[in-house]
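Enquirer:
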Amino acid sequence: MTDTHVVIIGAGLAGLGAAAACRDAGRRAVVLEASGRVGGRAWTDHPKALGGVWFDMGAVWFHDAEHNPMVPIAQAAGDTLLRSDEIRKERTFIGDRIATEAELNAYAQAWPHYEAAAESIIAAEGDVPLAEVTRRLSDDPWAATIEAWEGPVICAVDADRFSTLDWRRNALGGSNLVPDGGIGAFVQRRLTSGLDIRLHTPVVRVRWGGPNGQVIVETASGSITAEACIVTVSTGVLGSGSLVFDPALPASVTEAVHALPMGLAMKVALRATGPDRLDLPLHCSVDRILERQGEALMPFQCWPFGRDYVQGWIGGSVAWDLAKAGEAAAVDYALSYLRRAFGGRVDGLFAGGASLVTHWDADPWVRGAYCYAIPGSALARDRLAEPVADGHLMFAGEACHIGFAGTVAGAWISGQSAATQALAAIGG
């Protein structure tokens with residue numbers, strides 16, 4: 468006798484996507500969530516430090532909106548989607564000056580050149596670290612900046628640790644939309660209806676491979692028996708060993724997990740204490756051209772949607788180091804980065820002001836931002852998504868999707884796919 472058809476571990480986008488697929492198929496599913504909220508890394512808060520406005524602590528955008536399954540859900544519900552790309556202004560600095568139009572044109576042309584070089588290297592030699600692409604383009608003055616964007620800033624990992632093939636398989640196109648009120652609030656509002664979600668219920672052990680594929684999931688408050696189990700926790704949690712599998716998982720799964728470690732992306736927001744806006748328009752993105760490979764890049768979004776703060780992103784090893792050093796170190800780093808473009812005005816504007824620093828490294832139910840593939844292991848995403856026990860045990864999440872890795876869309880699609888396979892395994 469089973470308690471439910473499918474038990475799902477984790478109420479992030481993958482878990483919610485899987486549960487929705489079970490609901491739509493008329494099958495019972497129970498979602499067990501360790502934390503006290505749904506959404507996982509899609510979390511909208513209203514921090515006092517920023518005046519109580521909505522602020523996404525993790526995920527922000529519906530990437531590649533033209534192909535993103537979240538967009539039609541939002542549109543059907545009548546939600547407002549903010550066209551961030553269209554209202555955004557950009558300022559790119561070279562040293563302490565704004566780049567000229569000619570320099571910006573050359574910079575724009577360097578991106579497809581860099582991508583083509585990466586594709587050529589993969590075709591000729593197979594997978595290499597992303598940093599190797601930059602080394603091959605040593606005469607390109609823009610290559611180091613592109614590497615910093617595609618490695619630490621976007622993919623949350625230093626380029627020398629990052630698979631170029633994984634980057635190319637997951638390069639996003641199209642436009643980016645922001646759900647008004649925050650992406651985490653959208654998830655709670657639109658993606659939880661009719662689902663059996665149990666918060667504050669961390670799973671400690673998964674006993675799989677029972678009679679007819681039966682799975683028993685153990686929590687501190689008791690056990691649940693199901694015909695199939697879908698595990699949607701991050702690779703950081705899977706790799707930590709805090710979730711025990713009995714029997715041990717096949718080598719193909721554990722090897723895939725270790726080939727997909729967690730990166731870290733940190734947000735640092737600084738609230739202005741005066742009227743100065745650094746001669747920048749509202750909703751302005753500020754970045755800079757780097758002088759050398761391996762230099763850190765911290766782009767900022769200044770005065771987003773007319774608000775009185777700036778927020779910067781830093782990723783990879785610098786983010787991990789700042790996380791260890793503490794919030795004050797992260798704020799000092801952000802201020803020093805802004806001074807390179809705006810000088811002493813920064814100190815007068817933000818002195819005594821409130822700040823916010825995100826801490827995904829310290830969340831025991833995530834242990835980072837999102838995963839990346841180490842060089843030579845881009846196919847680990849495919850392997851992690853493969854059925855175990857003939858589909859009675861499935862893994863899902865942003866780590867398991869090709870094309871939308873690291874995004875809410877990828878997690879949702881992966882969860883729905885895993886549910887389809889699990890339901891097929893149990894005859895649903």
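Just so we're aligned, residue 468 is where the sequence shown starts under the working numbering, counting upward by one.
The C-beta atom is built at its ideal place from N, Cα and C for all residues, glycine as well.
Where do the N-terminal and C-terminal ends of the alpha helix (DSSP H) with Trp-879 fall, by residue?
Expert: It spans 875-892 - the alpha helix (DSSP H) in which Trp-879 sits, taken as one unbroken run.
Enquirer: Assuming Gly-482 contacts Thr-825 (C-beta within less than 8 Å), just tell me the rounded distance between them.
Expert: The pair is not a contact, with the Cβ atoms about 22 Å apart (cut-off 8 Å).
Enquirer: From the DSSP output, in three-state form, read off Ile-756 for me.
Expert: If DSSP states are grouped into helix, strand and coil, Ile-756 belongs with coil.
Enquirer: Rounding to the nearest angstrom, what Cα-Cα distance links Val-813 and Arg-774 in this structure?
Expert: The straight-line gap from Cα to Cα measures roughly 17 Å.
Enquirer: Below 8 Å, how does it come out for the region 879-889 and the region 708-727: are there three or more Cβ pairs, yes or no?
Expert: Cβ pair count under 8 Å is below three, so no.
Enquirer: Check whether the region 780-800 and the region 745-762 are in contact - that is, three or more C-beta pairs closer than 8 Å.
Expert: Because the criterion of three Cβ pairs below 8 Å is not met, the region 780-800 and the region 745-762 do not touch.
Enquirer: Tell me, please, whether the region 662-672 touches the region 613-629 by the rule of three or more beta-carbon pairs shorter than 8 Å.
Expert: No: fewer than three Cβ pairs fall under 8 Å.
Enquirer: With DSSP collapsed to three states, give me the class of Leu-749.
Expert: Coil, per DSSP.
Enquirer: Within the continuous beta strand (DSSP E) that includes Val-670, where are the two ends?
Expert: Per DSSP, Val-670 belongs to the beta strand (DSSP E) from 670-674.
Enquirer: Can you grab the Cα-Cα spacing for the pair Pro-539 / Trp-510, in whole Å?
Expert: Cα-Cα distance, rounded: 20 Å.
Enquirer: If contact is defined by three or more beta carbon pairs under 8 Å, each pair taking one atom from either stretch, is the region 470-480 in contact with the region 871-879?
Expert: Because the criterion of three Cβ pairs below 8 Å is met, the region 871-879 and the region 470-480 touch.
Enquirer: Roughly how many angstroms separate the alpha carbons of Ala-836 and Pro-742, rounded to a whole number?
Expert: Their Cα atoms are separated by approximately 34 Å.
Enquirer: Buried or exposed for Gly-506, please, with buried defined as at least 16 other CB atoms from any protein chain shown within 10 angstroms of its CB.
Expert: Buried: at least 16 other Cβ atoms inside 10 Å.
Enquirer: Taking only three categories from DSSP, how would you classify Ala-610?
Expert: Reduced to three states, the DSSP call for Ala-610 is helix.
Enquirer: If Gly-708 and Pro-728 are in contact, beta carbons under 8 Å, what's the gap, nearest whole angstrom?
Expert: The Cβ separation is near 14 Å, so there is no contact.
Enquirer: Could you check what DSSP says for Gln-655 in three-state terms: helix, strand or coil?
Expert: Helix at Gln-655.
Enquirer: What are the boundary residues of the beta strand (DSSP E) that includes Ser-690?
Expert: Its beta strand (DSSP E) spans residues 689-698.
Enquirer: Quick one: what does DSSP say Phe-862 is sitting in, helix, strand or coil?
Expert: In the structure shown, Phe-862 sits in a strand (DSSP, three-state: E or B).
Enquirer: Does DSSP put Ala-532 in a helix, in a strand, or in coil?
Expert: Three-state DSSP puts Ala-532 in a helix.
Enquirer: Between the Cα of Ala-516 and the Cα atoms of Gly-783, Asp-627, Tyr-776, which residue gives the shortest distance?
Expert: Among Gly-783, Asp-627, Tyr-776, the Cα nearest to that of Ala-516 belongs to Tyr-776.
Enquirer: Just to confirm, is the Cβ distance from Asp-828 to Ala-790 under 7 Å?
Expert: It is a contact, given that the beta carbons lie within the stated cut-off.
Enquirer: Under 7 Å Cβ to Cβ from Asp-625, same chain only, skipping five residues before and after it: list those, please.
Expert: Around Asp-625: Gly-618, Pro-619, Gly-783, Ser-784.
Enquirer: Can Asp-891 and Asp-857 be called in contact, C-beta distance under 7 Å?
Expert: Looking at the sequence shown, residue 891 is not Asp but Ala. The answer is no: Cβ separation not under 7 Å.
Enquirer: Leaving out five residues on either side along the sequence, give the residues of the same chain with a beta carbon under 7 Å from the beta carbon of Thr-547.
Expert: So the list reads Asp-647, once near-sequence residues are dropped.
Enquirer: May I have the straight-line CA-CA distance separating Ala-585 from Gly-593, to the nearest angstrom?
Expert: Roughly 10 Å between the two C-alpha positions.
Enquirer: Look at the Cβ atom of Ile-664, then the Cβ atom of Ile-475, and state whether they are nearer than 7 Å.
Expert: Not closer than 7 Å, so no.
Enquirer: Taking DSSP as the reference, what is the three-state secondary structure of Gln-681?
Expert: Gln-681: coil per DSSP, three-state reduction.
Enquirer: Between the alpha carbons of Ala-615 and Asn-637, how many angstroms are there, rounded?
Expert: Roughly 16 Å separates the two Cα atoms.
Enquirer: Would Glu-557 be called buried (16 or more neighbouring beta carbons within 10 Å of its own) or exposed?
Expert: Burial call: exposed.
Enquirer: Any beta-carbon of chain B closer than 7 Å to the one on Ile-589?
Expert: Here there is only one protein chain, and chain B is not present.
Enquirer: Among Cys-769, Asp-746, Pro-514, which residue has its Cα nearest to the Cα of Arg-564?
Expert: The candidate whose alpha carbon is nearest that of Arg-564 is Asp-746.
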